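When you line the sequence shown up against our numbering, it's residues 55 to 346, in that order. Since the structure comes first, as structure tokens, the remarks are kept for the end.
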Amino acid sequence: MAAVYDRTQEDTGNIVALEHVNTRIPDQRIATLFYVTGLGYTRDPYLMVSTNNMWINVGRSQFHLPTGEPQVLRGRTGLVTPSLDKLVRRLEAVREPLKDTRFGFTPGNDCVDVTSPWGNRFRCHAPEDRFGPFQLAIPYVELDVPKGAAEGIARFYREIFDAPAEVEEVDGAPAARVAVGYHQDLVFRETAAPEPVFDGHHIQVYIGNFSRPHAKLQERGLITEESGQHQYRFLDIVDPKSGKKLFVLEHEVRSMTHPLYARPLVNRNPDVTNMAYAPGYEAAPWAMPYAG
55 MAAVYDRTQE
65 DTGNIVALEH
75 VNTRIPDQRI
85 ATLFYVTGLG
95 YTRDPYLMVS
105 TNNMWINVGR
115 SQFHLPTGEP
125 QVLRGRTGLV
135 TPSLDKLVRR
145 LEAVREPLKD
155 TRFGFTPGND
165 CVDVTSPWGN
175 RFRCHAPEDR
185 FGPFQLAIPY
195 VELDVPKGAA
205 EGIARFYREI
215 FDAPAEVEEV
225 DGAPAARVAV
235 GYHQDLVFRE
245 TAAPEPVFDG
255 HHIQVYIGNF
265 SRPHAKLQER
275 GLITEESGQH
285 QYRFLDIVDP
295 KSGKKLFVLE
305 HEVRSMTHPL
315 YARPLVNRNP
325 DVTNMAYAPG
335 YEAAPWAMPY
345 AG
């Protein structure tokens, strides 16, 4: 008898990848202690190697950290890391040098909640089936949005970007879950808390059909930057049904013909040091072995 497969599990929609989350940081030394030494990720060795920006590799995604006044994402970023126990040991090691910042972390049963030196929040997970076959990844970005916004936000991504999007309950509140890549989601969770002022942070996505969403955004007057042949930006998420502005989040939208699309990223193994060195184990595999 032939095998039966759920082919919908392989659908990604028109948005094919969430490539980076961008927040400014004022101090590269502190950022190195947190993102590289603490979280265990890797500074990109090829691009943005001066003091005005730093790119941090996480599997096939990145954090972009331009130097400047700190920005704080209004929500939290999900991370996949190979070992939560090793993560906690690394975070303990940077507790003292980061003591005068907002840095902190709380281990849980199945995740570790971490706060950056400037207040950005992360939820770190061990590799799980729900995050795909990855050991290093940014599987989701969760945003706090006003009550009543989830339905319209899901409609926006479905109608403008041809992205699978639905409303579900997340931690007891309605949330729009939008597929933005293979096992990657944007999650817009409703909250009654006051909405912080948007400070300019952004996310970047790659899309397959580049022109159709651009035309729909342009028709509504939402394009904020025509960056170049391969890229444009917009800020406002609106309900296509009513035209009401629901949330502000800058999107850097790139085509799959962008020169940086699918660029191989270096991921180091943070367990290998000069005092505990094993030849051939310097790199960290970002994916799990093929299960067949």
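Each residue gets a CB set at the ideal place from its N, CA and C atoms; glycine is no exception. Remember, it's a predicted structure, so these values are computed and weren't measured experimentally.
Going by Cα to Cα distance, which pick from Ala-337, Ile-110, His-256 is closest to Gln-82? On the sequence shown, residue 82 is found 28 positions in, with the first residue counted as 1. The residue with the shortest Cα to Cα distance from Gln-82 is Ile-110.
Could you check the C-alpha separation between Thr-135 and Ala-203 for me, to the nearest Å? As a first step, residue 135 is located in the sequence shown; it is residue number 81 there, counting from the start. As a first step, residue 203 is located in the sequence shown; it is residue number 149 there, counting from the start. Answer to the nearest angstrom: the Cα atoms are 31 Å apart.
Distance, His-305 Cα to Gly-206 Cα: For this step, residue 206 is matched to residue 152 along the sequence shown. For this step, residue 305 is matched to residue 251 along the sequence shown. If I take the Cα positions, the gap works out to 17 Å.
Tell me, to the nearest whole angstrom, how far the beta carbon of Gly-262 is from that of Asn-68; I am working on the premise that it is less than 8 Å. Locating residue 262 in the sequence shown gives position 208, where the first residue counts as 1. Locating residue 68 in the sequence shown gives position 14, where the first residue counts as 1. The Cβ separation is near 5 Å, so the contact holds.
List in chain order: all unbroken alpha helix (DSSP H) runs of 4+ residues lying wholly within the region 192–271. 204–215
Can you list, in chain order, the residues of its chain whose CB lies under 7 Å from that of Glu-222, leaving out five sequence neighbours each side? Counting from 1 along the sequence shown, the entry for residue 222 is found at position 168. Cβ neighbours of Glu-222 beyond the five flanking positions: Ala-229, Arg-231.
Compute the beta-carbon to beta-carbon distance between Val-292 and Phe-215, rounded to the nearest angstrom, for a pair I have assumed lies under 8 Å. Locating residue 292 in the sequence shown gives position 238, where the first residue counts as 1. Locating residue 215 in the sequence shown gives position 161, where the first residue counts as 1. Contact doesn't hold; Cβ gap of about 13 Å is too wide.
C-alpha distance - Gln-189 paired with Leu-119, whole-angstrom precision: The residue given as residue 189 occupies position 135 in the sequence shown. The residue given as residue 119 occupies position 65 in the sequence shown. Spanning the two alpha carbons is a distance of roughly 22 Å.
Taking the CB atoms as reference points, tell me whether Ala-227 and Glu-249 lie closer together than 7 Å. Within the sequence shown, residue 227 is the residue found at index 173, counting from 1. Within the sequence shown, residue 249 is the residue found at index 195, counting from 1. In this structure, Glu-249 does not lie closer than 7 Å to Ala-227 by Cβ.
Quick check: the Cα distance between Pro-181 and Cys-165, rounded to an integer number of angstroms? Taking the sequence shown and counting its residues from 1, the one referred to as residue 181 is at position 127. Taking the sequence shown and counting its residues from 1, the one referred to as residue 165 is at position 111. Cα to Cα, the separation comes out at about 10 Å.
If you draw a straight line from the alpha carbon of Phe-176 to that of Asn-76, how long is it in whole angstroms? Reading the sequence shown from its first residue, position 122 is the one you call residue 176. Reading the sequence shown from its first residue, position 22 is the one you call residue 76. Whole-angstrom Cα-Cα distance: 14 Å.
Could you please give the first and the last residue of the uninterrupted beta strand (DSSP E) stretch that includes Asp-293? Start at 1 with the first residue of the sequence shown, and residue 293 comes out as number 239. Asp-293 -> no beta strand (DSSP E), and no H or E assigned at all.
Taking the alpha-carbon of Lys-88 as reference, which of Gln-272, Lys-153, Tyr-236 has the nearest alpha-carbon? Counted from its first residue, the sequence shown places residue 88 at position 34. Lys is not the amino acid found at residue 88; the sequence shown has Phe there. Nearest option by C-alpha distance: Lys-153.
To which residues does DSSP link Leu-72 through a beta bridge? The residue labelled residue 72 in the question sits at position 18 within the sequence shown. The partner list for Leu-72 (beta bridge, DSSP) reads Val-259.
Can you give the beta carbon distance from Tyr-236 to Gly-158, rounded, assuming they're within the 8 Å contact cut? In the sequence shown, residue 236 corresponds to position 182, counting from 1. In the sequence shown, residue 158 corresponds to position 104, counting from 1. Contact flag wrong, Cβ pair sits at about 32 Å.
Nearest neighbour of Leu-101, chosen from Asn-328, Val-320, Glu-220 [CA to CA]: The residue given as residue 101 occupies position 47 in the sequence shown. Considering only alpha carbons, the answer is Val-320.
Closest to Asp-65 by C-alpha separation, out of Ala-233, Pro-324, Phe-252, Asp-325, would be which residue? For the purposes of this step, residue 65 is taken as residue 11 along the sequence shown, with counting starting at 1. When each option's Cα is compared against that of Asp-65, the closest is Ala-233.
Cβ-based burial, Glu-73 [other Cβ within 10 Å; buried from 16]: Here residue 73 corresponds to residue number 19 of the sequence shown, with the count starting at 1. So Glu-73 counts as buried.
Beta-carbon within less than 6 Å of Phe-288's beta-carbon, same chain only, minus the 5 sequence neighbours each way: which residues are those? In the sequence shown, residue 288 corresponds to position 234, counting from 1. Hits under 6 Å: Leu-271, Leu-276, Ile-277, Thr-278, His-305.
What are the partner residues of Ile-79, as DSSP defines its beta bridges? Walking along the sequence shown from the start, residue 79 turns up at place 25. For Ile-79, which the question treats as bridged, DSSP gives the partners Thr-121.
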